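If you're matching positions, the sequence shown starts at 1 in the UniProt record's numbering and goes up one per residue. Since the structure comes first, as structure tokens, the remarks are kept for the end.
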Amino acid sequence: MMPQEEIDFIPHTPSVLKQIFIRRGITPNKRFGQNFLIDQNILLSIPDIAGLTENDIVLEIGTGTGGLTRLLAARSRQVFTIEIDRKLFELSSDILKLYNNVIPINADILETKHELNPRITSLILNWLREHKQAAIKVVSNLPYNISTPVVINLLESDLPIDVMALMLQQEITERMTALPSTREYGILSVIIQLFSDVEIVKTLPPEVFWPRPEVHSAIVKISIRKEKYIGRITDYPFFKKVINAIFTSRRKTLVNSLGSFSVPGITREHLKQILKEMQLDERIRGEVLNLDQLISLSESIGKLKKHLS
């Protein structure tokens, strides 16, 4: 029978966590980015930040000990919760047996760095079709070591995501919200802002987690609104290649950074002409362009590429 302290907590204190982990043979795994939220006020605020209602469908990545999962289950219709660590999965599954609206999954959310696990996405999409649900929310204390590829892949996936409320490394959230001409502005900023409105809700000191991470964290709310920009992009993979070329050589001029971007037939003079038509100086760096300008630049290069092929 499960000890009562494994059932009663939201959240565990470090001392109780240590006792449970010793009993279960669990050691926090740095490889999986395991830092457990132990501040009750912060934990209780997360469903509110996500705007959860009793009709919502939730995807949680990183079940951990199940503390946040239980709050999500109490506030929503259905929770899919993913945990890669087998021992943590067994611990949280024992606790979550008390909830009939939670589906625990022992798996990696990522198939590769560039793809979500298709077994998980298929399961969720099939459930949504079967129950005639249109959208999901992602709510997670996301392991920091996978946060960037997970968020990007979620945005680019077929999952009908409405909102994401995530705990992330503060540095990552600052990159997500960064503006042109700042040090933090880059590929992540562009992709996040292409698909969504993003807001840093609150910053979190290391002591609200156990074990304490070496960095500060933040809760970010990502509200999806794909139609604002994505409809203007003819070829999204090509757009990504363009911004990769620009930000890989961010200190170079646009003409020089895009000169290394191999598009058959497109010369430096072509690029200079495109910039002139956009009323941009040919010496401009890509890191100063806003999202509208990056889309226009990519579309102009794409049209020229199609014309020359």
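Think of the CB as a built atom: it goes at the ideal place given N, C-alpha and C, for glycine as much as any other residue. Remember, predicted model here, so these are calculated numbers, not experimental data.
Look up aspartate 162 in the DSSP assignment and say whether it is helix, strand or coil.
In the structure shown, aspartate 162 adopts extended strand secondary structure according to DSSP, grouped into three states.
Serine 249 (DSSP reduced to helix, strand or coil):
Correct three-state label for serine 249: coil.
Integer-rounded CB distance, given that arginine 24 should sit under 8 Å from leucine 91:
6 Å
Limits of the unbroken beta strand (DSSP E) element including leucine 188
For leucine 188, no beta strand (DSSP E) segment is defined; the enclosing uninterrupted segment is the alpha helix (DSSP H) at 187-195.
Hey, quick one: how far does the alpha helix (DSSP H) through glutamine 133 stretch, first residue to last?
Premise fails: glutamine 133 is in no alpha helix (DSSP H) and is neither H nor E.
If I measure Cβ to Cβ from asparagine 106 and keep anything under 7 Å in the same chain, skipping five residues before and after, which residues do I get?
Glu83, Arg86 and Phe89
Cβ neighbour criterion (16 or more within 10 Å) applied to isoleucine 22
exposed
Mark aspartate 281 as exposed unless 16 or more other C-beta atoms lie within 10 angstroms of its C-beta, in which case mark it buried.
Exposed.
Leucine 142 vs valine 150 beta-carbon contact at 8 Å
Here leucine 142 is near valine 150, since their CB atoms are less than 8 Å apart.
What first and last residue would you give for the alpha helix (DSSP H) that runs through arginine 98?
Rather than arginine, the amino acid found at residue 98 in this sequence is leucine. Element bounds for leucine 98: n/a, residue is neither H nor E.
What does the alpha-carbon distance come out to for the pair tyrosine 229 and arginine 175?
19 Å
According to the neighbour-count rule (16 or more other Cβ atoms, all chains shown, within 10 Å of its Cβ), is serine 257 buried or exposed?
By the neighbour-count rule (16 or more Cβ atoms within 10 Å), serine 257 is buried.
Under the assumption that leucine 44 contacts valine 208 (Cβ atoms under 8 Å), give the Cβ distance between them as a whole number of angstroms.
With a Cβ gap of about 12 Å, leucine 44 and valine 208 do not count as contacting.
At the level of alpha carbons, what is the spacing between glycine 231 and glycine 265?
27 Å
Straight-line CA distance for threonine 81 to valine 163?
16 Å
Where serine 45 sits in the DSSP three-state scheme
helix
Proximity winner among Ser76, Lys272, Asn153 and Gly186, relative to glutamate 111 (alpha-carbon distances):
Asn153
So, with DSSP's three-state summary, where would you put methionine 176?
helix
Local Cβ density within 10 Å of aspartate 292, reported as buried at 16 or more and exposed below that:
Its Cβ having fewer than 16 others within 10 Å, aspartate 292 is exposed.
From the DSSP output, which residues share a beta bridge with proline 14?
Answer is none; proline 14 lacks a bridge partner.
Does the region 130-146 touch the region 54-61, meaning 3 or more C-beta pairs lie closer than 8 Å?
yes
DSSP three-state assignment for asparagine 55, whether helix, strand or coil:
coil
Return the chain-ordered ranges of every beta strand (DSSP E) run that is complete within the region 198-226 and spans a minimum of 3 residues.
217-224
Less than 8 Å separating the beta-carbons of arginine 285 and arginine 250?
yes
Which class does leucine 142 belong to by DSSP, given the choice of helix, strand or coil?
coil
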